[in-house]
Structures are given as C-alpha cells and as structure tokens.
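Each remark here refers to the structure printed beneath this line.
Next comes the structure, spelled out in structure tokens:
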C-alpha cells in the first residue's frame, strides 16, 4: 500500500519516468535563438496565398463602347492584389464630412475592432478596407450606420 505524503496519495517513485533522449523515438527539444520554433508558430500567417500578377488587358470596342473581359480567376487574383477581400463601400445620403473626420469616427461608431483604411471614392462614397473577417461580417450584418461627425452629417 502507498504511503500518504503531504502533496498527495502517491509517493514520487510511482510516477512514470521522464523521456530520455537516449531512448529510440525521443524527440530533442530545440533550445537557443537558432531553433525558435515556438516564435515561428506565433507569427501571423497570410489568410490567402499570394496570387499571380495579372497583366493589363487591352480595351476592345463592342457596339461602339469600350469593353474589357476578365476571367473569374483573374478577378479573384486582382481582389487579393488590391487588398479588397474585406472591402466595403459606404454611402452618405446627405453629404459627407471631411475624410480625416471620418477616419476618426467610423471605427468607433461602427464597432470596428481591428485596423481599417478609409478612403474617398467620390463625393458620396467611401471605401472601407477592413483587416479581419469579424469586422467585415459585423459591418455587413448591420443595415445602416448613422455616423455623427463634427459637422453633424
């Protein structure tokens, strides 16, 4: 019968032995700056693989109008190249505040948790480039955001 110690019911000699590197099948644990496997695991990994570059397409005329034809694979590649995987176009119905003001107010008022880039497309539209799927789904799942900026738009 095992004697009881202060730490528990099993004496230390009943514990299994630690693995030894001399035994077959034992894997050495790398130590040192050269073998930083753990740090490599923590590095952020790209979400999508790098897409091949798409060369510019020639403009053709169809019934007197300019036309460019793209393959589906080329469109997907261009989306990745331009970082538009998580892009949303925002529209302002009653005019738009200054873009610097929008860059301050949109992330806070719309609940964006990660980094985002906000740029102007035209007088009523902005392009919001998000970095995470969570923010992208959050913005798309909400029908309307009323942005309160300095100029009360």
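Residue numbers (UniProt numbering): 1 to 153. Note that CB positions come from ideal geometry on N, CA and C, so glycine has one too.
Assuming residue i and residue j make a contact with CB atoms under 8 Å, what is their CB distance in whole Å?
{"i": "residue 89", "j": "residue 102", "result": "Not quite, the Cβ-Cβ distance comes to about 13 Å (not below 8 Å), so this is no contact."}
{"i": "residue 100", "j": "residue 147", "result": "Not really, about 14 Å apart at Cβ, beyond 8 Å."}
{"i": "residue 149", "j": "residue 105", "result": "5 Å"}
{"i": "residue 129", "j": "residue 87", "result": "5 Å"}
Residues in the same chain with beta-carbon distance under 6 Å from residue i, minus the five sequence neighbours each way, listed in chain order, please.
{"i": "residue 142", "result": "none"}
{"i": "residue 78", "result": "54"}
{"i": "residue 57", "result": "68"}
{"i": "residue 72", "result": "none"}
{"i": "residue 145", "result": "110"}
{"i": "residue 136", "result": "86, 130"}
{"i": "residue 133", "result": "none"}
Grab me the residues of residue i's own chain with a C-beta within less than 7 Å of its C-beta, minus the 5 sequence neighbours each way, in chain order.
{"i": "residue 66", "result": "59"}
{"i": "residue 115", "result": "131"}
{"i": "residue 111", "result": "138"}
{"i": "residue 83", "result": "129"}
{"i": "residue 120", "result": "99, 126"}
{"i": "residue 74", "result": "54"}
{"i": "residue 107", "result": "116"}
When burial is assigned at 16 or more other CB atoms within 10 Å of the CB, is residue i buried or exposed?
{"i": "residue 139", "result": "buried"}
{"i": "residue 126", "result": "buried"}
{"i": "residue 122", "result": "exposed"}
Any heavy atom of the ligand GTP within a distance shorter than 8 Å of the CB on residue i?
{"i": "residue 98", "result": "Of ligands this structure carries none, so the ligand GTP is not represented either."}
CB-CB under 8 Å to residue i, same chain, minus the five flanking residues each way: which ones, in chain order?
{"i": "residue 42", "result": "none"}
TODO: Check whether the segment 92 to 99 touches the segment 52 to 72, taking contact to mean three or more Cβ pairs, one atom from each stretch, closer than 8 Å.
DONE: no
Task: alpha helix (DSSP H) runs contained entirely in the UniProt domain "DUF4283" (81 to 148), provided each spans 4 or more residues - done: Taken in chain order, the complete alpha helix (DSSP H) segments of 4 residues or longer contained in the UniProt domain "DUF4283" (81 to 148) are 99 to 109, 133 to 141.
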